[in-house]
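In the UniProt record's numbering, the protein residues as written are 1 to 149.
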(Lines of atoms letter the chains of each structure in order from A and count residues from 1; the text may use other names and numbers.)
(Lines give C-alpha, C1' and ligand atoms only; values in the text may rest on other atoms or scores of the structure.)
Protein backbone atom coordinates (compact mmCIF):
# COMPACT_ATOMS: atom_id res chain seq x y z
CA UNK A 1 0.00 0.00 0.00
CA UNK A 2 1.45 3.35 -1.04
CA UNK A 3 1.12 6.18 1.50
CA UNK A 4 1.96 9.85 1.52
CA UNK A 5 5.60 10.81 1.71
CA UNK A 6 6.70 12.10 5.05
CA UNK A 7 8.02 15.25 3.40
CA UNK A 8 5.04 15.82 1.09
CA UNK A 9 4.01 19.43 0.55
CA UNK A 10 0.72 20.54 2.08
CA UNK A 11 -1.59 23.03 0.41
CA UNK A 12 -0.79 25.55 3.19
CA UNK A 13 2.92 25.21 2.44
CA UNK A 14 2.24 25.63 -1.28
CA UNK A 15 0.25 28.79 -0.60
CA UNK A 16 2.98 30.20 1.66
CA UNK A 17 5.59 29.51 -1.01
CA UNK A 18 3.50 31.03 -3.81
CA UNK A 19 2.51 34.13 -1.84
CA UNK A 20 6.10 34.74 -0.76
CA UNK A 21 7.56 34.33 -4.25
CA UNK A 22 4.92 36.61 -5.77
CA UNK A 23 5.52 39.22 -3.07
CA UNK A 24 9.26 39.10 -3.74
CA UNK A 25 8.64 39.52 -7.48
CA UNK A 26 6.36 42.49 -6.80
CA UNK A 27 8.99 44.05 -4.53
CA UNK A 28 11.71 43.60 -7.16
CA UNK A 29 13.59 41.01 -5.13
CA UNK A 30 14.82 37.63 -6.34
CA UNK A 31 13.02 34.33 -6.23
CA UNK A 32 16.10 32.77 -4.65
CA UNK A 33 15.65 35.09 -1.68
CA UNK A 34 12.01 34.01 -1.45
CA UNK A 35 13.00 30.32 -1.53
CA UNK A 36 15.48 30.93 1.27
CA UNK A 37 12.86 32.70 3.43
CA UNK A 38 10.24 30.00 2.90
CA UNK A 39 12.82 27.26 3.43
CA UNK A 40 13.64 28.75 6.82
CA UNK A 41 9.97 28.91 7.80
CA UNK A 42 9.20 25.36 6.66
CA UNK A 43 12.48 23.69 7.64
CA UNK A 44 13.19 22.82 4.02
CA UNK A 45 16.13 23.68 1.81
CA UNK A 46 15.88 26.63 -0.53
CA UNK A 47 16.56 24.14 -3.35
CA UNK A 48 13.50 22.10 -2.34
CA UNK A 49 11.41 25.27 -2.35
CA UNK A 50 12.78 26.24 -5.76
CA UNK A 51 12.07 22.80 -7.16
CA UNK A 52 8.50 22.83 -5.83
CA UNK A 53 7.93 26.31 -7.25
CA UNK A 54 9.33 25.52 -10.70
CA UNK A 55 7.98 21.98 -11.05
CA UNK A 56 4.49 22.43 -9.63
CA UNK A 57 3.33 25.88 -8.62
CA UNK A 58 4.70 28.36 -11.17
CA UNK A 59 2.22 27.31 -13.88
CA UNK A 60 -0.72 27.70 -11.52
CA UNK A 61 0.25 31.26 -10.58
CA UNK A 62 1.17 32.59 -14.02
CA UNK A 63 -1.41 35.41 -13.96
CA UNK A 64 -0.42 36.49 -10.46
CA UNK A 65 3.25 36.51 -11.53
CA UNK A 66 2.48 38.67 -14.56
CA UNK A 67 0.43 41.03 -12.40
CA UNK A 68 3.25 41.25 -9.85
CA UNK A 69 5.79 41.96 -12.58
CA UNK A 70 3.62 44.67 -14.10
CA UNK A 71 3.26 46.33 -10.70
CA UNK A 72 6.84 45.84 -9.61
CA UNK A 73 7.96 48.52 -7.19
CA UNK A 74 11.22 50.34 -7.53
CA UNK A 75 12.97 51.04 -4.28
CA UNK A 76 14.79 54.35 -4.09
CA UNK A 77 16.51 56.01 -1.20
CA UNK A 78 15.92 59.69 -0.63
CA UNK A 79 18.30 62.01 1.18
CA UNK A 80 17.05 60.88 4.61
CA UNK A 81 17.60 57.17 3.76
CA UNK A 82 13.92 56.32 3.88
CA UNK A 83 12.49 54.02 1.27
CA UNK A 84 10.06 55.35 -1.32
CA UNK A 85 7.95 53.12 -3.54
CA UNK A 86 7.28 54.15 -7.10
CA UNK A 87 4.80 52.02 -9.07
CA UNK A 88 5.73 51.74 -12.72
CA UNK A 89 2.17 51.35 -13.94
CA UNK A 90 -0.90 51.74 -11.76
CA UNK A 91 -3.44 49.02 -12.59
CA UNK A 92 -6.96 50.22 -13.13
CA UNK A 93 -9.74 49.03 -10.85
CA UNK A 94 -11.07 46.59 -13.47
CA UNK A 95 -7.72 44.80 -13.70
CA UNK A 96 -7.58 44.51 -9.93
CA UNK A 97 -11.12 43.13 -9.77
CA UNK A 98 -10.37 40.64 -12.56
CA UNK A 99 -7.24 39.45 -10.82
CA UNK A 100 -9.05 39.06 -7.50
CA UNK A 101 -11.84 37.11 -9.21
CA UNK A 102 -9.26 34.84 -10.85
CA UNK A 103 -7.55 34.28 -7.51
CA UNK A 104 -10.90 33.51 -5.88
CA UNK A 105 -11.67 31.01 -8.66
CA UNK A 106 -8.21 29.45 -8.25
CA UNK A 107 -8.66 29.01 -4.49
CA UNK A 108 -12.11 27.49 -5.03
CA UNK A 109 -10.55 25.01 -7.46
CA UNK A 110 -7.88 24.19 -4.88
CA UNK A 111 -10.64 23.43 -2.36
CA UNK A 112 -12.32 21.11 -4.89
CA UNK A 113 -9.01 19.38 -5.61
CA UNK A 114 -8.43 18.90 -1.89
CA UNK A 115 -11.93 17.46 -1.51
CA UNK A 116 -11.35 15.10 -4.45
CA UNK A 117 -8.03 14.01 -3.00
CA UNK A 118 -9.76 13.28 0.29
CA UNK A 119 -12.49 11.28 -1.45
CA UNK A 120 -9.89 9.27 -3.39
CA UNK A 121 -8.09 8.45 -0.15
CA UNK A 122 -11.34 7.41 1.51
CA UNK A 123 -12.22 5.28 -1.52
CA UNK A 124 -8.80 3.63 -1.40
CA UNK A 125 -9.22 2.81 2.30
CA UNK A 126 -12.72 1.43 1.74
CA UNK A 127 -11.48 -0.78 -1.11
CA UNK A 128 -8.75 -2.14 1.15
CA UNK A 129 -11.29 -2.73 3.91
CA UNK A 130 -13.56 -4.57 1.46
CA UNK A 131 -10.62 -6.69 0.30
CA UNK A 132 -9.82 -7.55 3.93
CA UNK A 133 -13.43 -8.55 4.58
CA UNK A 134 -13.54 -10.69 1.43
CA UNK A 135 -10.35 -12.46 2.50
CA UNK A 136 -11.84 -13.06 5.92
CA UNK A 137 -15.07 -14.47 4.43
CA UNK A 138 -13.02 -16.74 2.14
CA UNK A 139 -11.01 -18.03 5.13
CA UNK A 140 -14.20 -18.65 7.14
CA UNK A 141 -15.80 -20.51 4.21
CA UNK A 142 -12.71 -22.72 3.85
CA UNK A 143 -12.84 -23.53 7.57
CA UNK A 144 -16.54 -24.37 7.32
CA UNK A 145 -15.89 -26.65 4.34
CA UNK A 146 -13.21 -28.52 6.34
CA UNK A 147 -15.63 -28.97 9.23
CA UNK A 148 -18.27 -30.43 6.89
CA UNK A 149 -15.87 -33.10 5.59
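Note that beta-carbon positions come from the ideal geometry of N, C-alpha and C, so glycine has one too.
Here the structure is a predicted model, which is why all the values come from computation and not from measurement.
C-alpha distance - residue i paired with residue j, whole-angstrom precision
{"i": "residue 94", "j": "residue 100", "result": "10 Å"}
{"i": "residue 128", "j": "residue 34", "result": "42 Å"}
{"i": "residue 108", "j": "residue 118", "result": "15 Å"}
{"i": "residue 130", "j": "residue 124", "result": "10 Å"}
{"i": "residue 14", "j": "residue 57", "result": "7 Å"}
{"i": "residue 68", "j": "residue 120", "result": "35 Å"}
{"i": "residue 42", "j": "residue 92", "result": "36 Å"}
{"i": "residue 38", "j": "residue 23", "result": "12 Å"}
{"i": "residue 54", "j": "residue 133", "result": "44 Å"}
Reduced DSSP category for residue i - H, G, I as helix; E, B as strand; rest coil
{"i": "residue 6", "result": "coil"}
{"i": "residue 20", "result": "helix"}
{"i": "residue 27", "result": "coil"}
Endpoints, alpha helix (DSSP H) assigned at residue i
{"i": "residue 109", "result": "93-148"}
{"i": "residue 32", "result": "31-42"}
{"i": "residue 59", "result": "Note, residue 59: premise wrong, no alpha helix (DSSP H); not H, not E."}
{"i": "residue 52", "result": "46-52"}
Cβ pair count under 8 Å reaching 3, the segment 135-142 against the segment 96-114: As far as the Cβ criterion goes, the segment 135-142 does not touch the segment 96-114, which means the pair count is below three.
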